[in-house]
Amino acid sequence: MTTTFDSLACKDTLVEGGFSDRQAAVLAHAIWDLVTNRLATKDDLLALEQRIEAKFDLRLAQLKVELLMWIISLTVVQTTILGAMLKLLR
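Position 35 (the sequence shown) corresponds to 35 in full-length UniProt numbering; numbering is contiguous.
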């Protein structure tokens, strides 16, 4: 999505508001630079959101695998301890 900004209309509005012609031109140029080069567009924000969601989904999958590994490990340890205790009781 491209951002449209009418710097001439902005300059005219500033002149009508009391700025000198030169002040209005410089300020309109500064605003144009800000709008076109430094502000994020809706498309920029959407792309950022998609990248964050992708990283979140990947990290969530990694955490699920890690949790499953812990559960399996603890189950094995618990079973081993239970088996050793049953041997001692016989």
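The C-beta atom is built at its ideal place from N, Cα and C for all residues, glycine as well.
Coil, strand or helix - residue i by DSSP
i	result
L18	The sequence as given places Gly at residue 18; Leu does not occur at that position. DSSP places G18 in coil when its eight states are reduced to three.
T80	helix
R39	It is worth fixing the name first, because residue 39 is Leu in this sequence and not Arg. Three-state DSSP puts L39 in coil, outside helix and strand.
R90	coil
T4	coil
C-alpha gap between residue i and residue j, whole angstroms
i	j	result
R22	I31	14 Å
S20	K11	10 Å
D44	R51	11 Å
L34	R59	35 Å
A84	I72	18 Å
residue 93	L74	Nothing about residue 93 can be read from this structure; the chain reaches only from 1 to 90.
Of the listed residues the options, nearest to residue i (C-alpha basis)
i	options	result
S36	V77, F5, Q78	Before going further, note that residue 36 is Thr rather than Ser in the sequence given. Nearest of V77, F5, Q78 to T36, Cα basis: F5.
L8	I81, L58, A28	A28
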